[in-house]
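Per this note's numbering, residue 2 is the first one in the sequence shown, and the count goes up by one each step.
I have placed the structure first, in the form of structure tokens, so that the comments after it can refer back to it.
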Amino acid sequence: MADSLTIRRPDDWHVHLRDGAMLEGVVEHTARQFGRAIVMPNLSPPVTTTAAAQAYRARIMAALPPGTAFEPLMTAYLTDHTDPADLVRGKAEGVLTAAKLYPANATTNSAHGVSDIARLDPVFAAMEEARLVLCIHGEVTDPEIDVFDREAVFIARHLERVVRSFPGLKIVLEHLTTGEGVAFVESAGSNVAATITPQHLHLNRNAMLVGGIRPHAYCLPVAKREKHRLALRKAATSGSPKFFLGTDSAPHAKHDKESSCGCAGIFNAPFALESYLQVFEDEGALDRFEGFASLHGPAFYGLPVNEGLVTLVPVDHVVPDTIDAAGTSVVPFHAGETLRWRLASG
Ligand code: DOR
Ligand code: ZN
């Protein structure tokens, strides 16, 4: 049995904290583990401006349990009408850390996303100049393209051009799901990185579809074939600074997922570190966990590493079937399973 593991306090470089009662119910799970988090702007309506991001940040701070040291890093949702000057101002004023590109209708609350990526070039140019990070949901929405191919096609159709055209733009290809994505990020310059979720390290598409349809394993981008999961595990545990932790924790009410048209999203925040650490242990890479969880992200974003430490201890525990989020029942990732590590309190 391994000893306990102490690392710098990690950050979550991609999370959905929601708003209102759900925000009140879920934020503590993220704040307990992470020093900072890149907060997704796909609220309804989306957070499209610096002013909206500032107001959302205040709501997050107000929802934190008293005395919690947690810093939400805000993002603006790009649309066909984004004003580059507003983004530049948001970065200069310390409100915005990144802007998020959702191709229109790629996922939850993305109807206001970008319909023609090429027309965003003036926005990308302003972001490159202002050193504002571009976070990308890298899937095409073309109905002709099979859902399992949408990430690879996005890279070939759009990302290669954007990376070529804006060599100084920092780009995070979020929630990577394919071997093609890993290869692209590895071959690009140091301005291109990727986040990897715990679910894409644990689940392949069989886990979602064999023996019955499992709505709690459904998220977007959807889990792919086993060979892709293995490529992601190799990348995450490789020690490469291009890959870092981003949970994509995306809570939906249990009844909204267990439905004839279930929502995409996996609520992994309650045991995110434990889930990732199990993968690193299985891959014989415990010594590389701190880099992935706590060091590579800050280095990419040009931010200091967190001051504090967290300790994980090897203790078996069973993940609850549901978690109450301010009155809404949400099913956590790994519900009913035994995890082998536990974050020590304090
Ligand atoms: O599965 C997902 N859920 N993928 C996303 O990109 C959005 C997220 C959500 O907001 O629920
Ligand atoms: Zn997301």
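Note that beta-carbon positions come from the ideal geometry of N, C-alpha and C, so glycine has one too.
Values in this document were obtained by computation on a predicted structure and should not be read as measured data.
With respect to the 7 Å criterion, Glu161 and Glu152 are not classified as neighbours on the basis of their beta carbons. Per DSSP, the continuous alpha helix (DSSP H) segment holding Met128 begins and ends at Asp122 to Ala131. Within the chosen limit of 6 Å, the ligand DOR does not reach the beta carbon of Leu287 with any heavy atom. With a 10 Å radius around the Cβ and a threshold of 16 neighbouring Cβ atoms, Cys262 comes out exposed. Relative to the ligand DOR, His17 has its C-beta within less than 6 Å of a heavy atom. In the three-state scheme derived from DSSP, where H, G and I count as helix and E and B as strand, Lys258 is classed as helix. With 16 or more other Cβ atoms from the protein chains shown falling within 10 Å of its own Cβ, Val164 counts as buried. Relative to the non-hydrogen atoms of the ligand DOR, the Cβ of Leu221 comes within a distance shorter than 6 Å of at least one.
Asn307 and Arg9 have their alpha carbons spaced roughly 6 Å apart. Secondary structure note for Glu72: its beta strand (DSSP E) is the uninterrupted segment Glu72 to Tyr78.
Counting other Cβ atoms within 10 Å of its Cβ, His318 stays below 16 and is therefore classed as exposed. Here DSSP, grouped into helix, strand and coil, assigns Val211 to coil. Contact annotation, Val332 with Phe268: C-beta distance approximately 7 Å; criterion of less than 8 Å satisfied. Its chain contains Lys171 as the residues whose beta carbon lies nearer than 6 Å to that of Asn192, once the 5 sequence neighbours on both sides are disregarded; these appear in chain order. In this structure, the straight-line span from the alpha carbon of His297 to that of Pro305 is close to 11 Å.
Scanning the region 104-178 from its first residue to its last, the whole alpha helix (DSSP H) runs of 4-plus residues come out as 122-131, 151-155 and 161-166. Between Ala77 and Ala107, the C-beta spacing is not below 7 Å.
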